[in-house]
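Sequence order for the protein chains is A and B.
Read in order, the letters of the first sequence are residues 1 to 201 in our numbering.
Read in order, the letters of the second sequence are residues 1001 to 1201 in our numbering.
Note that beta-carbon positions come from the ideal geometry of N, C-alpha and C, so glycine has one too.
Number of protein chains: 2
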Amino acid sequence: MSNRRAEILEAAAFAFFERGYAATSIDVIIGRIGGSKRNIYNEFGSKQGLFAALVSEIADAALLSLDHEKFDGNLEATLRRLGHRLARIYLSPSLVGVYRIIVAEGQRFPALAQAFYDKGPGRAVTRLAEVLHNARHAGQTNLVDCMTAADVFVGMLRGNLHLNAVLALHANPTESEIASAVESAVHIFLNGFEVGRTSDQ
Amino acid sequence: MSNRRAEILEAAAFAFFERGYAATSIDVIIGRIGGSKRNIYNEFGSKQGLFAALVSEIADAALLSLDHEKFDGNLEATLRRLGHRLARIYLSPSLVGVYRIIVAEGQRFPALAQAFYDKGPGRAVTRLAEVLHNARHAGQTNLVDCMTAADVFVGMLRGNLHLNAVLALHANPTESEIASAVESAVHIFLNGFEVGRTSDQ
DNA sequence: TTCATGCGGTAACGTACGGTACCTTATCCA
DNA sequence: TGGATAAGGTACCGTACGTTACCGCATGAA
């Protein structure tokens, strides 16, 4: 894991995220950090190999922090905490960038799309399903289909702010926007939209 | 609105959806339907112009059917019907195709991304907010923030199946998968996940 | 010190792209 | 029927890309 390798990956991320996969040239990437294209071809073999390494690295690193999430005895608090973390991950520039390109190139690189899903959203769903499973064992819920429930919750979180981020319609959601989106998701997930809703405005 | 124009747009859609914007050449598009590149450049001016026309047309046509949706006195039934229609729209190959490319190119064509959102997801949210507003006037609900509620509901629907479709991980969701996703979304939106949940399995 | 080995830089190759100049052909009005 | 006008086809231009051949240079062993 040389330093040069990391340097190349960082420059590649910057370039790919800015211009997309097809529109980014090896020359531009190497132009950012100096040196020659041989650096890239010696290390990654091809443009495709460089991109695959980048996707793998970013998706893996982004979701890693979720693995330490545990059910702490309070389902609502756990959902809120996990939701916050997940929302922040999904809105992080690097994951949004990878998402954009994977979406565009998924059909041409099916293995990459699958790997991205497994390391990213798939892992989030699995992790949440485990949390819900533990909560059921602790008597905090009696829902049976933990996997579907996790799917829905993760989908809600992604739906709220992710589309805007992905389409680059708004620069950055504020902290309070994120908090409010997570709050809505948790509340609806547990109670539905109306029941016990704090009537704002 | 000549026939030739429609023919070009259809071929362009096919090519763009298959290979992405940057990787699709004018030659390939015209190769599908015969003739010469002058047809495209006379009608659309540039590759960008062709793509913009395509996005506008597809996003506009896809969401058009939503404009006839009305609140019919039963909120749950209305949500279910609107949800079904929306899910089908979001999963339609043409909208998935446009979404893929818009996501990838949104940063370089901000106006296109905005237009896509306004004609697509934005219109869906607005339409649903109106339905909820009417439902409130009819006494079927007392929720106050119709816009946020609509946002969440649309997000839930998108979250469930859309990601899989967009990443091309599964060929086509079955009718029953769509129905079950809509059912989950409606149920959770109204009641939360557990309350009164039909215990499947 | 010498020689082998492998990496880094340069320059180029072959290809393919978006766009256009130019010529041909069809269409339409008088 | 004849002439003008627009559209279609062909061939090409300049450019830029991914990749590689080739060469110099540093490094480490003997």
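If the criterion is Cβ atoms closer than 8 angstroms, does the pair Leu128/A and Val103/A meet it? By one-based count along the first sequence, residue 128/A stands at place 128. By one-based count along the first sequence, residue 103/A stands at place 103. No, the pair does not count as a contact, with Cβ atoms beyond the cut-off.
When you compare only the Cα positions, how much space is there between Leu220/A and Met1156/B? For chain A, the structure presents residues 1 to 201; residue 220/A sits outside this window and is missing.
Among Asn134/A, Gly120/A, Ser180/A, the one whose alpha carbon lies nearest that of Asp1145/B: Your numbering for residue 1145/B matches position 145 in the second sequence. Of Asn134/A, Gly120/A, Ser180/A, the residue nearest in Cα terms is Ser180/A.
By the criterion of Cβ-Cβ separation under 9 angstroms, what are the contact partners of Ile1033/B in chain A? By one-based count along the second sequence, residue 1033/B stands at place 33. The premise fails here: Ile1033/B is roughly 22 angstroms from chain A at the closest Cβ pair, so nothing lies under 9 angstroms.
So Gln1114/B contacts chain A; which residues on that side make the cut at Cβ distance below 9 angstroms? What you label residue 1114/B is simply residue 114 of the second sequence in a count that begins at 1. Ordered by position in chain A, the residues that pass the 9 angstroms Cβ test against Gln1114/B are Leu167, Leu169.
My understanding is that Ala11/A touches Phe71/A, with C-beta atoms under 8 angstroms, so please give their C-beta distance in whole angstroms. Stepping through the first sequence from its first residue, residue 11/A is reached at position 11. Stepping through the first sequence from its first residue, residue 71/A is reached at position 71. The distance from the Cβ of Ala11/A to that of Phe71/A is about 40 angstroms, inconsistent with a contact at the 8 angstroms cut-off.
Between Leu1079/B and chain A, is the shortest Cβ-Cβ distance under 8 angstroms, so that the two count as touching? Sequence index remark: in the second sequence, residue 1079/B carries index 79 (1-based). With 8 angstroms as the cut-off, Leu1079/B does not count as an interface residue toward chain A.
Assuming Tyr117/A and Leu1169/B form a contact by the criterion Cβ under 8 angstroms, report the distance between their Cβ atoms to the nearest whole angstrom. As a first step, residue 117/A is located in the first sequence; it is residue number 117 there, counting from the start. As a first step, residue 1169/B is located in the second sequence; it is residue number 169 there, counting from the start. Correct: roughly 6 angstroms between the Cβ atoms.
Hey, would you say Leu79/A sits closer than 8 angstroms to Glu69/A, going by beta carbons? Residue numbering aside, residue 79/A sits at position 79 when the first sequence is read from its first letter. Residue numbering aside, residue 69/A sits at position 69 when the first sequence is read from its first letter. Not in contact: Leu79/A and Glu69/A (Cβ atoms no closer than 8 angstroms).
Any Cβ of chain A within less than 8 angstroms of the Cβ of Pro1121/B? Counting from 1 along the second sequence, the entry for residue 1121/B is found at position 121. By this cut-off, Pro1121/B is an interface position.
If you run the structure through DSSP and keep just helix, strand and coil, what is Val1125/B? Within the second sequence, residue 1125/B is the residue found at index 125, counting from 1. Annotated three-state conformation of Val1125/B is helix, per DSSP.
C-beta neighbour in chain B for Tyr90/A, strict 8 angstroms: The residue labelled residue 90/A in the question sits at position 90 within the first sequence. Chain B, which has no Cβ nearer than 8 angstroms to the Cβ of Tyr90/A, makes this no.
Give a yes or no on contact between the region 88-99 of chain A and the region 26-44 of chain A, applying the rule of three or more CB pairs nearer than 8 angstroms. no
Mapping DSSP to helix, strand and coil, what is Leu54/A? Here the question's residue 54/A lines up with position 54 in the first sequence. If DSSP states are grouped into helix, strand and coil, Leu54/A belongs with the helices.
Alpha carbon of Asn39/A to alpha carbon of Asn3/A, nearest angstrom: For the purposes of this step, residue 39/A is taken as the residue at position 39 of the first sequence. For the purposes of this step, residue 3/A is taken as the residue at position 3 of the first sequence. Approximately 12 angstroms between the Cα atoms of the pair.
For Lys1070/B, three-class secondary structure by DSSP: On the second sequence, residue 1070/B is found 70 positions in, with the first residue counted as 1. It is coil, neither helix nor strand.
Pick from Leu1009/B, Ala1113/B, Glu1018/B: whose alpha carbon is nearest that of Gln107/A? Locating residue 107/A in the first sequence gives position 107, where the first residue counts as 1. Taking only the C-alpha atoms, the option nearest Gln107/A is Glu1018/B.
Own chain partners of Arg1197/B with C-beta closer than 6 angstroms, once the 5 adjacent residues on each side are dropped: Locating residue 1197/B in the second sequence gives position 197, counting from the first residue. Note that Arg1197/B scores 40 on pLDDT, short of 50, meaning its location in the model is unreliable; the coordinates nonetheless yield the value given after this. So no residue of the chain qualifies.
Tell me, to the nearest whole angstrom, how far the beta carbon of Ile58/A is from that of Leu112/A; I am working on the premise that it is less than 8 angstroms. As a working note, residue 58/A is residue 58 in the first sequence. As a working note, residue 112/A is residue 112 in the first sequence. So it is not a contact: roughly 12 angstroms between Cβ atoms.
Which whole-angstrom value is the C-beta distance of Ala1149/B and Phe193/A, which I expect to be below 8 angstroms? To locate residue 1149/B, count along the second sequence from 1; it is residue 149. To locate residue 193/A, count along the first sequence from 1; it is residue 193. 6 angstroms between Cβ atoms; contact.
Less than 8 angstroms between C-beta atoms, sequence neighbours within five positions excluded: which residues of the same chain meet that for Ala1015/B? Taking the second sequence and counting its residues from 1, the one referred to as residue 1015/B is at position 15. Cβ neighbours of Ala1015/B beyond the five flanking positions: Thr1024, Val1028, Ile1029, Arg1032.
When DSSP labels each residue in this structure, what does Ser180/A get in the three-state scheme? Your numbering for residue 180/A matches position 180 in the first sequence. Three-state result, Ser180/A: helix.
Alpha helix (DSSP H) containing Thr148/A: first to last residue? By 1-based counting over the first sequence, the position of residue 148/A is 148. 146-166 is the extent of the alpha helix (DSSP H) around Thr148/A.
May I have the straight-line CA-CA distance separating Ala1053/B from Gln140/A, to the nearest angstrom? As a position in the second sequence, residue 1053/B is number 53, starting the count at 1. As a position in the first sequence, residue 140/A is number 140, starting the count at 1. In a straight line, the C-alpha of Ala1053/B is about 53 angstroms away from that of Gln140/A.
Relative to the C-alpha of Asp1067/B, which candidate in Gly1045/B, Gln1114/B, Gly1122/B has its C-alpha closest? Position 67 of the second sequence, counting from 1, holds the residue named residue 1067/B. Nearest C-alpha to Asp1067/B: Gly1122/B.
Is the Cβ of Asn256/A closer than 8 angstroms to any Cβ of chain B? Because residue 256/A is not part of the residues shown, which for chain A are 1 to 201, the question remains open.
Rounded separation between Glu1105/B and Glu1007/B - CA only: To locate residue 1105/B, count along the second sequence from 1; it is residue 105. To locate residue 1007/B, count along the second sequence from 1; it is residue 7. Near 24 angstroms, if we compare the C-alpha coordinates of Glu1007/B and Glu1105/B.
Any Cβ of chain B within less than 8 angstroms of the Cβ of Met147/A? Your numbering for residue 147/A matches position 147 in the first sequence. Not closer than 8 angstroms to any Cβ of chain B, the Cβ of Met147/A fails to qualify, so no.
Does Ala1171/B pass the burial test, meaning 16 or more other C-beta atoms within 10 Å, or should it be called exposed? By 1-based counting over the second sequence, the position of residue 1171/B is 171. So Ala1171/B counts as exposed.
Within 8 angstroms of any Cβ in chain A, is that where the Cβ of Leu1190/B sits? Walking along the second sequence from the start, residue 1190/B turns up at place 190. Leu1190/B counts as touching chain A.
Sequence-distant residues of the same chain with beta carbon closer than 7 angstroms to Leu50/A, five excluded per side: Here residue 50/A corresponds to residue number 50 of the first sequence, with the count starting at 1. Hits under 7 angstroms: Ala12, Ile40, Phe44.
Rounded to whole angstroms, what's the CA-CA distance from Gly1120/B to Gly1020/B? Just pull it up for me. In the second sequence, counting from the first residue as 1, residue 1120/B sits at position 120. In the second sequence, counting from the first residue as 1, residue 1020/B sits at position 20. So the alpha carbons of these two residues sit roughly 20 angstroms apart.
When you check each C-beta in the region 135-160 of chain A against every C-beta of chain B, which residues fall closer than 9 angstroms? Thr141, Asn142, Leu143, Val144, Asp145, Thr148, Ala149, Asp151, Val152, Phe153, Val154, Gly155, Met156, Leu157, Arg158, Gly159, Asn160
CB contact check: Pro173/A to chain B, cutoff 8 angstroms: As a working mapping, residue 173/A is identified with position 173 in the first sequence. Judged by the 8 angstroms Cβ criterion, Pro173/A is not in contact with chain B.
Quick check: what's the CA-CA separation for Val176/A versus Arg136/A? Residue mapping note: residue 176/A aligns to position 176 of the first sequence, counting from 1. Residue mapping note: residue 136/A aligns to position 136 of the first sequence, counting from 1. The identity of residue 176/A in the sequence shown is Ser, whereas the question assumes Val. For Ser176/A and Arg136/A, the distance between alpha carbons rounds to 31 angstroms.
Interface flag, Ala53/A vs chain B, CB-CB below 8 angstroms: Within the first sequence, numbered from 1, the residue matching residue 53/A stands at position 53. Cβ-Cβ to chain B under 8 angstroms: no for Ala53/A.
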